[in-house]
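Residue numbers (the working numbering), protein chains in the order written: chain A, 1 to 340; chain B, 341 to 680.
All C-beta atoms, glycine included, are put in the ideal place defined by N, C-alpha and C.
These figures come from a predicted structure and were not determined experimentally.
Report on the following structure.
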């Protein structure tokens, strides 16, 4: 499935904006931030490596354009949200004890926990700074956008707290899991489109429609992510098959299985998730077998479909340009079907 | 030495503002934040306990009033800076491995590192939110103040990185140590007065004078803190004599001693600071003896005096009301002489 144009056409502007935002000097702190972004290697030398998809800033710029504005006007907001997303990754890596990201040591693993905490904090501040230090927006707009950003951050952190709590709990329902990812992942994705729309137009209905479209995309994005973490193809995702099972993440498929499995299947699942030792291939096969028996993949697909349908339906109340409408539908289809 | 009126007259407004800012619901996250602020005990029951001095918000409101404004107008900024300060304390406790604050277990020690990181992150977001979600300020002013806050945060985090780096290094000079605390502690104190002045008036000279006054107070505050950490009286500070030596902090007295000591004194110091075992009373006495031989206390006093002189001198270029001027001088004298 081809990457929609939305993810490529703004890319040079996004990359330039990000680099400018982290161009704060030669201190150790900024070197850690540039390393995390994949621009420096472990010895501090510039890299040629590709970065991630930069989904959030692309959605922000797209929403601005789709709402009738000039995409570039939303660049400070787009840069801000990508930095805030990266703040959350740096702190997530500490909390999950992850030692690698994109095949490189994580910041905390390379520089220790204390500097990892600092690097995340700094990424956060610089995100807000990228937005409010810009002179391109009218103060009233900058303030409105800044409010959306901080509210999204607060929700994201609440979601992160819930996620940590869920990992400790014996059982979590599918509904409460979806509410959690709506905060942890959804809030920033919704915020991306919401901020872009506020910058792109003044029509409350259009702004609200784009926000709701973003809310559905956010859930869709994470549900698909959870599916790829279990059934993704290694050559496409860059992660081993069943990687979330290996990590014993309680992602959507496992939450569904723990909620619905009974008898021997349930016992096998609970036993494997409780094991002290690392899981082997037989464990992964066993879990995948339980999921297959329960039809978990079909359930996840149905949840994703529902959010995909909702996403474009949210736009039915407003008049977008034919191109914008088509691109919204492309975005939804891509997030629904992506295999990486 | 009596607490200046500046620290008492705004207190009810500050406390009410802080409680309102953290009144975000019944979730586990907000319970952690209220616990950190000293409003809940470990079982989640409301406490009667006294909080800290709340220096930063008081300075912010005072600066607004001294610059000719109405103190209450700066309340969102005052609340913001106190929450940001508390964010830094929560993360500092993780980084320093401190298990107690104000005689209670620290957040990370009570709920684990992961939740400690989250609680700090949330405090940070809510600080920004307290400022920009308020309707009391004109958008242009809110944005200007928000810029000051994020710049101060960025500097504070840079200072924190330097501090961690210094703790690993064999030698640190007094001058670079002062530059570090100017960032780590000074930036927020300077920001407090700067924000208040921007809200209180539109005169660039007054704003700049208050900012510079704040810069000097920030250094003065930390130098005095470092002195109290070594020579403070336990009954006044609430910490054991030589508490910073016990913790082997490389605070100003130790930085000065390591920079100037020679021969046997230097060897004793280096040896004690390198010990694996906890320090005993004889070690503390030994370090205090080296400091006495070097006249370190007098050197620290001279540094504090210099900043105190500079602080009020920064105000000479502007016309403040006689009351405001007198209160500025009282503030300086209090921060110079305080024994707690």
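Report task. List the residues of chain A whose Cβ lies closer than 7 Å to the Cβ of residue 435 of chain B, in chain order. Result -> Indexing the second chain from 1 puts residue 435 of chain B at position 95. Simply 114 and 117.
Report task. Could you pull the start and end residues of the alpha helix (DSSP H) that residue 449 of chain B belongs to? Result -> For this step, residue 449 of chain B is matched to residue 109 along the second chain. Where residue 449 of chain B is concerned, the enclosing alpha helix (DSSP H) stretches over 447–451.
**Report entry** Per-residue burial, residue 340 of chain A [other beta carbons within 10 Å of its own, 16 or more giving buried]
**Finding:** The residue given as residue 340 of chain A occupies position 340 in the first chain. By the neighbour-count rule (16 or more Cβ atoms within 10 Å), residue 340 of chain A is not buried but exposed.
Report task. Report yes or no: do three or more beta-carbon pairs, one from the stretch 416–429 of chain B and one from the stretch 380–399 of chain B, lie closer than 8 Å? Result -> At 8 Å Cβ cutoff, the stretches touch.
Query raised in the report: Ends of the alpha helix (DSSP H) at residue 517 of chain B?
Result: Here residue 517 of chain B refers to the residue found at position 177 of the second chain. First-last of the alpha helix (DSSP H) with residue 517 of chain B: 514–521.
Query raised in the report: Counting only runs that start and end within the stretch 502–585 of chain B, where is the alpha helix (DSSP H) found for 4 or more residues in a row?
Result: 514–521, 527–540, 544–571 and 574–577
Query raised in the report: Using the beta-carbon of each residue, which ones in chain B are nearer than 8 Å to residue 178 of chain A?
Result: Taking the first chain and counting its residues from 1, one reaches residue 178 of chain A at position 178. The premise fails here: residue 178 of chain A is roughly 17 Å from chain B at the closest Cβ pair, so nothing lies under 8 Å.
**Report entry** Neighbourhood of residue 236 of chain A by C-beta, 7 Å cutoff - its chain only, sequence neighbours within 5 removed
**Finding:** As a working mapping, residue 236 of chain A is identified with position 236 in the first chain. For residue 236 of chain A, where only same-chain residues beyond five positions count, the Cβ hits under 7 Å are 339 and 340.
Query raised in the report: Which runs of the alpha helix (DSSP H), 4 residues or longer, sit entirely within the stretch 20–44 of chain A?
Result: Within the stretch 20–44 of chain A, the complete alpha helix (DSSP H) runs of at least 4 residues are 28–36.
Query raised in the report: How do the stretch 211–222 of chain A and the stretch 176–191 of chain A stand: do at least 3 beta-carbon pairs fall below 8 Å, yes or no?
Result: yes
**Report entry** Simplified DSSP state of residue 665 of chain B, which is helix, strand or coil
**Finding:** Locating residue 665 of chain B in the second chain gives position 325, counting from the first residue. Three-state DSSP puts residue 665 of chain B in a helix.
Query raised in the report: Is residue 331 of chain A closer than 9 Å to residue 4 of chain A when the C-beta atoms are compared?
Result: For the purposes of this step, residue 4 of chain A is identified with residue 4 of the first chain, where counting begins at 1. For the purposes of this step, residue 331 of chain A is identified with residue 331 of the first chain, where counting begins at 1. Against a cut-off of 9 Å, the Cβ pair of residue 331 of chain A and residue 4 of chain A comes out as a contact.
Requested in this report: Using a Cβ-Cβ cut-off of 9 Å, state whether residue 351 of chain A counts as contacting chain B.
Outcome: A query on residue 351 of chain A cannot be resolved here, the shown segment of chain A reaching from 1 to 340 and no further.
Query raised in the report: Which two residues bound the contiguous alpha helix (DSSP H) that contains residue 8 of chain A?
Result: Stepping through the first chain from its first residue, residue 8 of chain A is reached at position 8. Element bounds for residue 8 of chain A: 6–9.
Query raised in the report: If we cut at 9 Å on Cβ distances, does residue 171 of chain A have a partner in chain B?
Result: If you number the first chain from 1, residue 171 of chain A lands on position 171. By this cut-off, residue 171 of chain A is not an interface position.
Query raised in the report: Would you call the CB atoms of residue 174 of chain A and residue 252 of chain A closer than 9 Å?
Result: Along the first chain, read from residue 1 onward, the residue named residue 174 of chain A stands at position 174. Along the first chain, read from residue 1 onward, the residue named residue 252 of chain A stands at position 252. Cβ atoms of residue 174 of chain A and residue 252 of chain A: closer than 9 Å.
Report task. Would you mind giving the Cβ-Cβ distance between residue 67 of chain A and residue 201 of chain A, rounded to the nearest angstrom? I have them listed as a contact below 8 Å. Result -> Mapped onto the first chain, residue 67 of chain A falls at position 67. Mapped onto the first chain, residue 201 of chain A falls at position 201. About 4 Å; that satisfies the 8 Å criterion.
Query raised in the report: Tell me, which residues are paired with residue 104 of chain A by DSSP?
Result: As a working note, residue 104 of chain A is residue 104 in the first chain. Residue 104 of chain A pairs with A/101.
Requested in this report: Inspect the CB distances between the stretch 450–463 of chain B and the stretch 156–163 of chain A and report whether three or more fall short of 8 Å.
Outcome: yes
Query raised in the report: When the distance is taken between beta carbons, is residue 546 of chain B closer than 9 Å to residue 401 of chain B?
Result: Residue mapping note: residue 401 of chain B aligns to position 61 of the second chain, counting from 1. Residue mapping note: residue 546 of chain B aligns to position 206 of the second chain, counting from 1. Their beta carbons are not under 9 Å apart, which means residue 401 of chain B does not touch residue 546 of chain B by this criterion.
Query raised in the report: The alpha helix (DSSP H) spanning residue 253 of chain A covers which residue range?
Result: Here residue 253 of chain A is taken as the residue at index 253 of the first chain, counted from 1. Per DSSP, residue 253 of chain A is one residue of the alpha helix (DSSP H) stretching across 252–260.
**Report entry** Alpha-carbon spacing of residue 97 of chain A relative to residue 245 of chain A, whole angstroms
**Finding:** Here residue 97 of chain A refers to the residue found at position 97 of the first chain. Here residue 245 of chain A refers to the residue found at position 245 of the first chain. Answer to the nearest angstrom: the Cα atoms are 16 Å apart.
Requested in this report: Out of B/368, B/516 and B/641, state which residue places its alpha-carbon closest to the alpha-carbon of residue 166 of chain A.
Outcome: Looking up residue 166 of chain A in the first chain gives position 166. Of B/368, B/516 and B/641, the residue nearest in Cα terms is B/368.
Report task. Output, in sequence order along the chain, the residues in the stretch 362–384 of chain B whose CB is closer than 7 Å to any CB in chain A. Result -> 367, 368 and 369
Report task. Identify whether residue 46 of chain A lies in helix, strand or coil by the three-state DSSP scheme. Result -> Counting from 1 along the first chain, the entry for residue 46 of chain A is found at position 46. Note: residue 46 of chain A maps to strand in three-state DSSP.
**Report entry** chain B contact for residue 107 of chain A (CB, 9 Å cutoff)
**Finding:** As a position in the first chain, residue 107 of chain A is number 107, starting the count at 1. Under the Cβ criterion of 9 Å, residue 107 of chain A is not counted among the residues facing chain B.
Query raised in the report: Hey, how far is the Cα of residue 71 of chain A from the Cα of residue 356 of chain B?
Result: The count along the first chain starts at 1 and reaches residue 71 of chain A at position 71. The count along the second chain starts at 1 and reaches residue 356 of chain B at position 16. Roughly 42 Å separates the two Cα atoms.
Query raised in the report: Using 8 Å as the threshold, is the stretch 87–95 of chain A in touch with the stretch 121–137 of chain A, meaning 3 or more CB pairs across them?
Result: yes
Query raised in the report: According to DSSP, is residue 615 of chain B helix, strand or coil?
Result: Within the second chain, numbered from 1, the residue matching residue 615 of chain B stands at position 275. Assignment of residue 615 of chain B by DSSP, reduced to helix, strand and coil, places it in the coil class.
Query raised in the report: Looking at the C-beta of residue 139 of chain A, does it have a partner C-beta in chain B at a distance below 9 Å?
Result: The residue given as residue 139 of chain A occupies position 139 in the first chain. With a threshold of 9 Å between beta carbons, residue 139 of chain A makes contact with chain B.
Query raised in the report: Among the residues of its own chain, which have a CB less than 8 Å from the CB of residue 46 of chain A, if the five just before and after it don't count?
Result: For the purposes of this step, residue 46 of chain A is taken as the residue at position 46 of the first chain. Excluding positions up to five away in sequence, the list reads 39 and 40.
Query raised in the report: Cβ of residue 129 of chain A within 9 Å of Cβ of residue 487 of chain B?
Result: The residue you call residue 129 of chain A lines up with position 129 of the first chain. The residue you call residue 487 of chain B lines up with position 147 of the second chain. Against a cut-off of 9 Å, the Cβ pair of residue 487 of chain B and residue 129 of chain A comes out as a contact.
Requested in this report: Would you kindly check if the distance between the Cβ of residue 230 of chain A and the Cβ of residue 288 of chain A is under 9 Å?
Outcome: To locate residue 288 of chain A, count along the first chain from 1; it is residue 288. To locate residue 230 of chain A, count along the first chain from 1; it is residue 230. For residue 288 of chain A and residue 230 of chain A, yes; Cβs fall inside 9 Å.
Requested in this report: Take the Cβ of residue 274 of chain A as the centre, count every other Cβ of all protein chains shown within 10 Å, and call the residue buried at 16 or more, exposed below.
Outcome: Working through the first chain from its first residue, we reach residue 274 of chain A at position 274. Per the 10 Å Cβ criterion, exposed.
**Report entry** residue 639 of chain B - containing alpha helix (DSSP H), residue span
**Finding:** Taking the first residue of the second chain as 1, we reach residue 639 of chain B at position 299. Residue 639 of chain B -> alpha helix (DSSP H) spans 636–653.
Report task. Mind checking the stretch 239–268 of chain A against chain B and listing, in chain order, the residues whose C-beta falls within less than 9 Å of any C-beta there? Result -> none
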